[in-house]
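Notes follow once the structure below has been shown.
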């Protein structure tokens, strides 16, 4: 006997959650299965849509020649991507035709962002405009992004108020002074300084980010001083560190911290620090471990619950259990050695790309392991990449190729199964890293696939 | 089919000296599939390569007959051999040792260069630190360097002979959340179990009070089986003030905790008095792994399991069994765990041979049988056991129309509200939402998931004086959410989570099977 639902969503990231909620809102009974805890906890928490339009042709044509040996003689070089874009929607028509945005349409992105705004509520900003915001990320890069956590709001690069970036010696991957230097070099329209302060030193050198967040959440005593007060005291001497172009000293109006200012009570922690410092406080989104990612995961999974979606994590979907007449009837879920069939009228595949293991690869080729869907790829492995590391890498666009209903197609462009839809990183055609489009592609394809799956299930 | 009621696994002949039978079991249950290669799993008969999975715990040559290793290399001949790789004499003589006398245990080197090669697992780690982010201990204890260190990093360090295992491994509570978090398939908990086993075996002072305390905590079944002989006296004595003070001072068992009460009639006593199974059905059989807690402390959970399964027409078997090993893994007592595993594997594989699937009502027991057993031990049939083991509610959700049946039963007469906590080990089996989803549409039941935090007790972790504060700190979030929830009764599948929930909120805690029994009128 199979475990049944109208729609079964496979995956646990942004695309899967979006597909599940949009299918549920169309009235379908939805179940979501995810192999591991959501990959949202590795994500920065920023929701990008389209920041750059990268070139799809090299700067100068390659000379003809044998592919491998010839390459060394004639290295390809690629022009810089166009951007940062002020308006992500404006760039869509300049993307390749096979790009998911071109396939599902700009309206899917617009609706996907609207759905996100609804789910994220007051925890996110940016929904008031179509335009990209410029958010500094750790390392000093400025990322064009469509939505950003409220905790990052005071750090926007378009804001002209002087800024202090705070760092900690024990957080080696986050160098506040280098960060500030890079922002200045990028030509931001404000004065900025970085300062390393004594606070995290109260903890053991390899204490975890979550440990610091928890201590601030609960305002634990650190050597007799409550954690939030201790942190504010450590930062206070640096509030005048910013020197403007004329050599004058400004009092900073906003202070940026690595994103560990509390977990469940982040708003409270930020508010108290702002109050004590007399300046706005913001968090700088970081790589994993990512508190903003964890917070987003919590919020989205609560939303799943509220929408009546059933979900489970811990067991992988390993293949098709039964299929007939071009339709999948059930997939096999591996429950610690024994598989159980999960049946549905429609399936959404949202298992991620090469990193998320929605695509599997070895020297022989690239495969989609759940439904064994067609993945378009050059036969010669040397054609998977180009020489310029920042060029248009073919492997970056690997994935299943959806039709206009988000159904993965075979080599002839025909839907492989009538009732299988795909969303997110497993969908090919986007170069998300260069475009800064990963979240937007997940939202747009997630929304479209979820709706299509619900429609399919209702027939 | 009730032949097994008399023996709960303590008898001498259940310890691996009995004539093996699991290997021939296929002929008795689902007949015909023993060796025909038809694809149907043949219980007790390993398929080619199935028993070849390297396991961590490799007894040294003095302990295991030479053919122990040979069996793996020769699957074709395996059917003629013992059902377990048995004959392994444990240092204590093969039964539960009641005197935990360190002198009775020869400190033997159990890792004679036969370490499981976890290289591939270590190499799969790309240091995203998702495991550290998910670790409930690292969140409250900055002395704990987190699962990434304890797993792949420590594994690399100890490739060098002169590297001791870092003592902080004993702070890992074995909640296994890191396994669930890892996007790259690194076998973190397996690495932790290996490191902890090595630490305890090679570096821990066997005469230390900490070792003895951990040993006693890990061998809960031993204390419980003694206590249940005089349940009322034991329940009183264990919680008697001066005695508890002494326990904290001498042993490091926090006096804040109340020992669980012992039932006046154990589950097995009840089962025997009842005359065993009341449904016979060769086509639908389950073997119940009740574990220690349902037997000695909460037999109502075991009774609910039996009644619910009989309601669905299953013949319930209750094979002889010992501890699942969960508390032993968490304390690095791999030898104890293996000894118990031998009995469990042998008897449960025999039941599988008779057509049964194995059902546990405790999610840590099912976790142990499904994942830790095949990861840690190389016992004949252990993979079959892993494949045939399910949690009680999970099995019904797969094989029965549970929701339809609940719907037809019409729900509860009096409305009840529950605050449900999913145990960490349920999470790893994909079961964290099953109770909430099963009862969501049942009339008269309101159930709220109190969130994904860890309860903090992690079996024996919260029973150690030096860990008590941390344990309560980890649990604080769950307590808060329980208080916020509408229900005044807690619900969970895990007995030690239940202890923690009760300890932190004063709520009465039930198991989903008890609610299922009520809702079905079973």
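Chains as they are written, first to last, in full-length UniProt numbering: chain A, 1 to 459; chain B, 1 to 522.
We treat Cβ as the ideally placed atom computed from N, Cα and C, and that holds for glycine.
Partner residues on chain B for residue 314 of chain A, Cβ-Cβ distance less than 8 Å: What residue 314 of chain A touches in chain B: 180, 427, 428, 429, 430, 431 and 432.
Buried versus exposed, by CB contacts within 10 Å (16 or more), residue 322 of chain A: Classified as exposed, residue 322 of chain A has fewer than 16 neighbouring CB atoms from the shown chains inside 10 Å of its CB.
Candidates B:510, B:394, B:240 and B:311, of which the one nearest residue 437 of chain B by Cα: Per the Cα distances, B:394.
Sequence-distant residues of the same chain with beta carbon closer than 7 Å to residue 198 of chain A, five excluded per side: Within the same chain, residue 198 of chain A has close Cβ partners 234.
Outcome for residue 119 of chain B when other beta-carbon atoms lying within 10 angstroms are tallied against a minimum of 16: Label assigned to residue 119 of chain B: exposed.
Neighbour flag for residue 146 of chain B against chain A, beta carbons, 8 Å: When Cβ-Cβ separations below 8 Å define contact, residue 146 of chain B makes contact with chain A.
7 Å CB neighbourhood of residue 279 of chain B in its chain, flanking five on each side removed: Excluding sequence neighbours, residue 279 of chain B sits near 310, 313, 314 and 315.
Cβ neighbour criterion (16 or more within 10 Å) applied to residue 462 of chain A: Coverage of chain A is limited to positions 1 through 459, which leaves residue 462 of chain A absent and any answer about it impossible.
Alpha-carbon to alpha-carbon, residue 487 of chain B and residue 497 of chain B: Their backbone Cα atoms lie some 17 Å apart in a straight line.
The ligand SAH heavy atom lying under 7 Å from the CB of residue 154 of chain B: Here there are no bound small molecules, and the ligand SAH is not part of this structure.
Straight-line gap, residue 189 of chain B to residue 389 of chain A (C-alpha atoms, nearest Å): Taking the straight line from one Cα to the other gives about 37 Å.
Alpha helix (DSSP H) runs wholly inside the region 310 to 375 of chain B, at least 4 long, in chain order: Whole alpha helix (DSSP H) segments, 4+ residues: 326 to 330, 334 to 353 and 363 to 367.
Three-state secondary structure assigned by DSSP to residue 36 of chain B: In this predicted model, residue 36 of chain B has a pLDDT of only 43, less than 50, meaning its place in the structure is not dependable; the value taken from the coordinates is given anyway. Collapsing the DSSP output to three states places residue 36 of chain B in coil.
Same chain, Cβ closer than 8 Å to residue 210 of chain B, neighbours up to 5 away in sequence not counted: Excluding sequence neighbours, residue 210 of chain B sits near 204 and 252.
Buried or exposed by the 16-neighbour rule on C-beta atoms within 10 Å, applied to residue 160 of chain B: It is exposed - the Cβ of residue 160 of chain B has fewer than 16 other Cβ atoms within 10 Å.
Pairwise C-alpha distance: residue 131 of chain A and residue 426 of chain B: So the two alpha carbons sit approximately 44 Å from each other.
The alpha helix (DSSP H) enclosing residue 107 of chain A, as first and last residue numbers: Under the DSSP assignment, residue 107 of chain A falls in the alpha helix (DSSP H) whose first and last residues are 106 to 120.
DSSP state of residue 521 of chain A mapped onto helix, strand, coil: The requested residue 521 of chain A is not part of the displayed model; chain A covers only 1 to 459.
Assigned secondary structure, residue 474 of chain B (DSSP; H/G/I helix, E/B strand, else coil): Of the three classes helix, strand and coil, the one that applies to residue 474 of chain B here is helix, per DSSP.
Contacting positions in the region 265 to 290 of chain A - beta carbon closer than 7 Å to chain B: Against chain B - using a Cβ distance shorter than 7 Å - the residues of the region 265 to 290 of chain A are 288 and 289.
Span of the beta strand (DSSP E) around residue 439 of chain A: Taken as a continuous stretch (DSSP letters only), residue 439 of chain A belongs to no beta strand (DSSP E), being part of the alpha helix (DSSP H) at 438 to 458.
Residue from A:81, A:435 and A:17 with nearest C-alpha to residue 300 of chain A: The shortest C-alpha separation from residue 300 of chain A is found at A:17.
Host beta strand (DSSP E) of residue 306 of chain A (start-end): In the DSSP assignment, residue 306 of chain A falls outside any beta strand (DSSP E) and within the unbroken alpha helix (DSSP H) covering 291 to 306.
Check whether residue 421 of chain A and residue 346 of chain A have beta carbons under 8 Å apart: Closer than 8 Å, so yes.
Own chain partners of residue 218 of chain B with C-beta closer than 6 Å, once the 5 adjacent residues on each side are dropped: Sequence-distant Cβ neighbours of residue 218 of chain B in its own chain, meaning closer than 6 Å and more than five residues away, are 327, 328, 331 and 333.
Beta-bridge partners of residue 428 of chain B, as assigned by DSSP: DSSP links residue 428 of chain B through a beta bridge to no other residue.
Residues, ordered as in the chain, of the region 44 to 57 of chain A that lie near chain B by beta-carbon distance below 9 Å: With the criterion set as a beta carbon lying under 9 Å from some beta carbon of chain B, the region 44 to 57 of chain A has no members that meet it.
Residue-chain proximity (residue 494 of chain B, chain A), Cβ-Cβ < 8 Å: Judged by the 8 Å Cβ criterion, residue 494 of chain B is not in contact with chain A.
Rounded Cβ spacing between residue 424 of chain A and residue 350 of chain A (contact assumed at less than 8 Å): The pair is a contact, with the Cβ atoms about 5 Å apart (cut-off 8 Å).
Touching by the beta-carbon criterion (3+ pairs, under 8 Å), the region 302 to 318 of chain A and the region 332 to 340 of chain A: Yes: the two stretches touch, three or more of their Cβ pairs being nearer than 8 Å.
C-alpha gap between residue 122 of chain B and residue 355 of chain A, whole angstroms: C-alpha separation (whole angstroms): 17 Å.
Interfacial residues, the region 210 to 224 of chain A to chain B, with Cβ spacing under 9 Å: Residues of the region 210 to 224 of chain A whose Cβ lies closer than 9 Å to any Cβ of chain B, in chain order: 210, 211, 212, 213, 214, 215 and 218.
In chain order, each alpha helix (DSSP H) run of at least 4 residues that lies wholly inside the region 385 to 440 of chain B: Listed in chain order, they are 392 to 399, 402 to 409, 424 to 428 and 434 to 439.
Closest residue to residue 230 of chain A among A:348, A:277, A:187 and A:246 (Cα-Cα distance): Here the closest residue by C-alpha is A:277.
Cβ-based neighbour list, residue 417 of chain B, same chain, cut-off 6 Å, excluding 5 preceding and 5 following: Within its own chain, the residues whose Cβ lies closer than 6 Å to the Cβ of residue 417 of chain B, once the five positions on either side in sequence are excluded, are 446, 486 and 487, listed in chain order.
Below-8 Å beta-carbon distance, residue 360 of chain B vs any chain A residue: With its beta carbon at least 8 Å from every one in chain A, residue 360 of chain B lies outside the interface.
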